[in-house]
Amino acid sequence: MIYPPDNSCSPARLNIRLLGSVEAHLDGQPLPLGPPQRRLVLAALATDAGRAVAVDTLLDRVWDRPPDGARHALHVQLARLRRALRDHAPIVHRSGAYVLDVDPNQIDVHCFRHLLRPHLPGERLTALRRARELWSGEPLTGLPGRWASGQRHAWRQHFLDAEVAWAAAELATGDPATVVGRLTELASAHPTVEPLHAALIRALATVGRIGDAVTHYTRTRRHLVDELGLEPGPELRALHRDVLRGEFGAPPAPAAVPAQLPPGIPGLTGRGDELEELDTMLGGGGSAVAIATLSGTAGVGKTALAVHWAHRAAARFPDGQLYLDLRGYDPGPPMPATDALVRLLATLGEPASGIPGDLEARAARYRTLTARRRMLVLLDNAENEAQVRPLLPGAGTCAVLVTSRNRLAGLVARDGARRLTLDPLRPGDADALLRRLIGSRADAEPDACAMLAACCAGLPLALRITAELVAARPAAGLAGLAGELTGARQPLDWLTVGDDPYTAVPAVFSWSIRRLPPDISHAFRLLSTHAGPVLDAPAAAALTGADLPRAQHLLNRLADAHLLQPTGQDGYVMHRLLRAYGALLAGPYEPLAGRRPADLPKTISARR
Numbered sequence: 001m002i003y004p005p006d007n008s009c010s011p012a013r014l015n016i017r018l019l020g021s022v023e024a025h026l027d028g029q030p031l032p033l034g035p036p037q038r039r040l041v042l043a044a045l046a047t048d049a050g051r052a053v054a055v056d057t058l059l060d061r062v063w064d065r066p067p068d069g070a071r072h073a074l075h076v077q078l079a080r081l082r083r084a085l086r087d088h089a090p091i092v093h094r095s096g097a098y099v100l101d102v103d104p105n106q107i108d109v110h111c112f113r114h115l116l117r118p119h120l121p122g123e124r125l126t127a128l129r130r131a132r133e134l135w136s137g138e139p140l141t142g143l144p145g146r147w148a149s150g151q152r153h154a155w156r157q158h159f160l161d162a163e164v165a166w167a168a169a170e171l172a173t174g175d176p177a178t179v180v181g182r183l184t185e186l187a188s189a190h191p192t193v194e195p196l197h198a199a200l201i202r203a204l205a206t207v208g209r210i211g212d213a214v215t216h217y218t219r220t221r222r223h224l225v226d227e228l229g230l231e232p233g234p235e236l237r238a239l240h241r242d243v244l245r246g247e248f249g250a251p252p253a254p255a256a257v258p259a260q261l262p263p264g265i266p267g268l269t270g271r272g273d274e275l276e277e278l279d280t281m282l283g284g285g286g287s288a289v290a291i292a293t294l295s296g297t298a299g300v301g302k303t304a305l306a307v308h309w310a311h312r313a314a315a316r317f318p319d320g321q322l323y324l325d326l327r328g329y330d331p332g333p334p335m336p337a338t339d340a341l342v343r344l345l346a347t348l349g350e351p352a353s354g355i356p357g358d359l360e361a362r363a364a365r366y367r368t369l370t371a372r373r374r375m376l377v378l379l380d381n382a383e384n385e386a387q388v389r390p391l392l393p394g395a396g397t398c399a400v401l402v403t404s405r406n407r408l409a410g411l412v413a414r415d416g417a418r419r420l421t422l423d424p425l426r427p428g429d430a431d432a433l434l435r436r437l438i439g440s441r442a443d444a445e446p447d448a449c450a451m452l453a454a455c456c457a458g459l460p461l462a463l464r465i466t467a468e469l470v471a472a473r474p475a476a477g478l479a480g481l482a483g484e485l486t487g488a489r490q491p492l493d494w495l496t497v498g499d500d501p502y503t504a505v506p507a508v509f510s511w512s513i514r515r516l517p518p519d520i521s522h523a524f525r526l527l528s529t530h531a532g533p534v535l536d537a538p539a540a541a542a543l544t545g546a547d548l549p550r551a552q553h554l555l556n557r558l559a560d561a562h563l564l565q566p567t568g569q570d571g572y573v574m575h576r577l578l579r580a581y582g583a584l585l586a587g588p589y590e591p592l593a594g595r596r597p598a599d600l601p602k603t604i605s606a607r608r
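Residue numbers are given in the UniProt record's numbering: position 470 of the sequence shown equals residue 470, and the series is strictly consecutive.
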């Protein structure tokens, strides 16, 4: 093992390696650690060397889903690790936790982190060279599971940061030719990591290869645009400009004030009360950041309302308006908070080389850059509270508006957010929106227009799709279209525009169902077959076969996801289109406690 110049990673008889294959060496000789699972237990302890790791945490690190008997299996592996490590790295049990009782500097990853800390100028390059030598391959090589994969990803980022820092130090005091070769190799392996490409361009320019530097920038920009749909960040663009001008080394130009709000949707109708409520919620004036959550069912118009309000209030936030679609309810996976912070920091002018590698450090940097700025942050389509919290500024000069199909109750309880639930449009407002979209044909057939609006359950998305349907059939009367839609066995077949999943009501609904646990989505399918207009706990119990407390829990979870709407005392309703979608998922014979929903009595609830 290599040690830093101040000897804080002092030599020891026992050393543990995680930055490659998981190994332990005693006096330079490998110890018999055994199979991958035992090595994973050692890694789970060694990453927190000297600190207690709870048994439940160890179980989650070793198994993605701990099986029956996992605690016993863990104790067996710990006992065998104790024998392998002997007295040189004792594993101590302390009140429901275990401690690998060694100096962290006996473990390569901890020594690596120490070497990356600030050093005196004369020691910096030596420390970085030694840090690089600690890497012997893929971290935690061959170990399975989410935890090991997450550690590998985080440590790779730290390694790339170290390579960039080493390159900068070598350029200042060392051998530029060595830097060019190594950075060329890394840049090829990591085509979207901008700090590496910036370091390579700087190295090429330093050794006089200006043409190669410009060519590499062009190739990198093309790849970023083609693969990610993003232009290079401020540091890379400034570096390119400086190379072209012969002003290599000049600082990047200050970032422009961000104005990222997407275009508003014309024809917003019937949301005057909600706009005033948002004005009150996000008025600011206190020391804490103002946070509002806007939640509601799929297609109810959350994004349209949020963007409309944000444009209307933009003048109150002269330092900029940030916007992110967190993709919480989309065809693909949600955007991790770590990735969201990279985008936010880049927008705020942070050079790629200055963006920290881990979530907490990125969030802290983000709070620093937003401090004392009057900014609006619109976080659209959030999945849950954990995705949002790292994206909250720390200063009361900022305001945050979050939209989600989730109620985000944790943001209200813990973070002081104020909640606004967006209900479907009232019948009069729905009719008014459809009239505005259809135009003169609605004036000629007002009753048929009202029938079409009623078919859309007050959902602006469904109303806009219906208007497109009307426009696509200019010769058809509205009465005939309304009759077809109201009489359709499956009305959702009508509510699709082309191949765009964002304008297909069934697809939009599906993203809500996909985020539910299996038992809750199963309950949704069963409850959609209920014959009456109002559901309560006894009705849900009869439909699902659950006892009353469990049935009430199912109703509450579906209401939290805005797949049911509370009405009156202990009652819930499911609007027409969600009911149709649930029935489509359920099919004719959804299993239910040994019976079919069609066999159940139609008078389960007393609220008919």
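Glycine included, each C-beta is placed from N, C-alpha and C at the ideal position.
Next item on the list: Give the range of the alpha helix (DSSP H) segment to which residue 532 is assigned.
Entry: For residue 532, no alpha helix (DSSP H) encloses it, and the DSSP letter there is neither H nor E.
Check: According to the Cβ coordinates, are residue 389 and residue 415 closer than 8 angstroms?
Finding: Going by C-beta atoms, residue 389 is nearer than 8 angstroms to residue 415.
Check: Taking the beta strand (DSSP E) that residue 291 falls in, what are its first and last residues?
Finding: Note, residue 291: beta strand (DSSP E), 290-295.
Next item on the list: Assign residue 102 to one of three DSSP states: helix, strand, or coil.
Entry: Correct three-state label for residue 102: coil.
Note to self: Do residue 528 and residue 579 count as a contact pair if the criterion is CB distance below 8 angstroms?
What the structure shows: In contact: residue 579 and residue 528 (Cβ atoms closer than 8 angstroms).
Next item on the list: Note down, in chain order, each residue of its chain lying with its Cβ closer than 6 angstroms to the Cβ of residue 614, except the 5 sequence neighbours on either side.
Entry: In the structure displayed, the chain extends from 1 to 608; residue 614 sits before or after that span and is not available.
Item checked: Spatial distance of residue 13 from residue 31 (CA atoms) -> Their backbone Cα atoms lie some 12 angstroms apart in a straight line.
Item checked: Close beta carbons around residue 442, own chain, < 6 angstroms, minus the five adjacent residues each side -> Cβ within range, chain order: 435, 449.
Next item on the list: Taking residue 154 as part of the alpha helix (DSSP H), name the residues at either end of that continuous run.
Entry: Start and end: 146-173.
Margin query: Rounded to whole angstroms, what is the Cα-Cα separation between residue 582 and residue 404?
Written below: Taken atom to atom, the span from the alpha-carbon of residue 582 to that of residue 404 is near 21 angstroms.
Check: For residue 107, which residues of its own chain have a beta-carbon under 7 angstroms away from its beta-carbon, when the five flanking residues on both sides are left out?
Finding: Cβ neighbours of residue 107 beyond the five flanking positions: 16, 18, 46, 49.
Margin query: For residue 356 and residue 102, I'd like the C-alpha separation in whole angstroms.
Written below: The straight-line gap separating the alpha-carbon atoms of residue 356 and residue 102 is approximately 28 angstroms.
Check: Terminal residues of the continuous beta strand (DSSP E) containing residue 410?
Finding: Residue 410 -> not in any beta strand (DSSP E); alpha helix (DSSP H) instead, spanning 409-415.
Item checked: 8 angstroms contact criterion, which residue 379 and residue 412 should meet: CB distance rounded -> Taking the Cβ atoms as the reference, residue 379 lies roughly 15 angstroms from residue 412, outside the contact range of under 8 angstroms.
Check: Can you give the beta carbon distance from residue 410 to residue 367, rounded, assuming they're within the 8 angstroms contact cut?
Finding: Not quite, the Cβ-Cβ distance comes to about 19 angstroms (not below 8 angstroms), so this is no contact.
Next item on the list: In angstroms with no decimal places, state the Cα-to-Cα distance between residue 251 and residue 144.
Entry: In this predicted model, residue 251 has a pLDDT of only 37, less than 50, meaning its place in the structure is not dependable enough to derive any value.
Check: Count the other CB atoms within 10 Å of the CB of residue 440; is the residue buried (16 or more) or exposed (fewer)?
Finding: The residue in question, residue 440, is exposed, as its Cβ has fewer than 16 Cβ neighbours within 10 Å.
Check: How is the alpha helix (DSSP H) around residue 108 delimited, first residue to last?
Finding: For residue 108, the uninterrupted alpha helix (DSSP H) run begins and ends at 108-115, by DSSP.
Next item on the list: Round the Cβ separation of residue 292 and residue 417 to the nearest angstrom and send it over; I've been treating them as touching at under 8 angstroms.
Entry: 6 angstroms between Cβ atoms; contact.
Note to self: Looking at the ligand MG, does it come within less than 7 angstroms of residue 13, judged from the CB to the closest heavy atom?
What the structure shows: Here there are no bound small molecules, and the ligand MG is not part of this structure.
Notebook entry, point to check: So residue 177 packs on residue 128, CB below 8 angstroms; how close in whole Å?
Noted result: 17 angstroms between Cβ atoms; not a contact.
Margin query: Beta-carbon within less than 7 angstroms of residue 562's beta-carbon, same chain only, minus the 5 sequence neighbours each way: which residues are those?
Written below: Within the same chain, residue 562 has close Cβ partners 295, 296, 297, 405.
Notebook entry, point to check: Which one of 244, 222, 185, 232 has the shortest CA to CA distance from residue 208?
Noted result: Minimum Cα-Cα distance from residue 208 among the listed residues 244, 222, 185, 232 corresponds to 244.
Notebook entry, point to check: Can we say the stretch 263-272 touches the stretch 222-230, given the rule of at least three CB pairs closer than 8 angstroms?
Noted result: As far as the Cβ criterion goes, the stretch 263-272 does not touch the stretch 222-230, which means the pair count is below three.
Notebook entry, point to check: Got a sec, what are the start and stop residues for the beta strand (DSSP E) residue 381 sits in?
Noted result: Boundaries of the beta strand (DSSP E) around residue 381: 376-382.
Item checked: For residue 184 and residue 84, the rounded distance between their alpha carbons -> Using only the alpha carbons, I get a separation of about 42 angstroms.
Notebook entry, point to check: So, is residue 512 buried or exposed, given that buried needs 16 or more other C-beta atoms within 10 angstroms?
Noted result: Burial state of residue 512 is buried, judged by a 10 Å Cβ sphere holding 16 or more other Cβ atoms.
Checklist line | Segment limits, alpha helix (DSSP H) that includes residue 47 | finding: Taken as a continuous stretch (DSSP letters only), residue 47 belongs to no alpha helix (DSSP H), as it is neither H nor E.
Check: For residue 51, which option in 324, 358, 93, 186 has the closest C-alpha, if you only look at C-alpha atoms?
Finding: Taking residue 51 as reference, the option from 324, 358, 93, 186 with the minimal CA-CA separation is 93.
Check: Below 8 angstroms between beta carbons: does that hold for residue 53 and residue 44?
Finding: For residue 53 and residue 44, yes; Cβs fall inside 8 angstroms.
Item checked: Backbone secondary structure at residue 206 - three-state DSSP -> Helix, per DSSP.
Next item on the list: Helix, strand or coil for residue 21, going by three-state DSSP, please let me know.
Entry: DSSP places residue 21 in coil when its eight states are reduced to three.
Check: What is the rounded straight-line gap between the Cα of residue 548 and the Cα of residue 469?
Finding: A direct Cα-Cα distance of roughly 43 angstroms separates residue 548 from residue 469.
Check: Nearest-angstrom Cα distance between residue 246 and residue 202?
Finding: Residue 246 and residue 202 have their C-alpha atoms roughly 12 angstroms apart.
Check: Leaving out five residues before and five after residue 482 in sequence, what residues of the same chain have Cβ atoms less than 6 angstroms from its Cβ?
Finding: In its chain, beyond the 5 residues on either side, 448, 451, 452 have a beta carbon closer than 6 angstroms to the beta carbon of residue 482.
Margin query: Once DSSP output is grouped into helix, strand and coil, what is the label at residue 567?
Written below: In the structure shown, residue 567 falls within a strand segment according to DSSP collapsed to helix, strand and coil.
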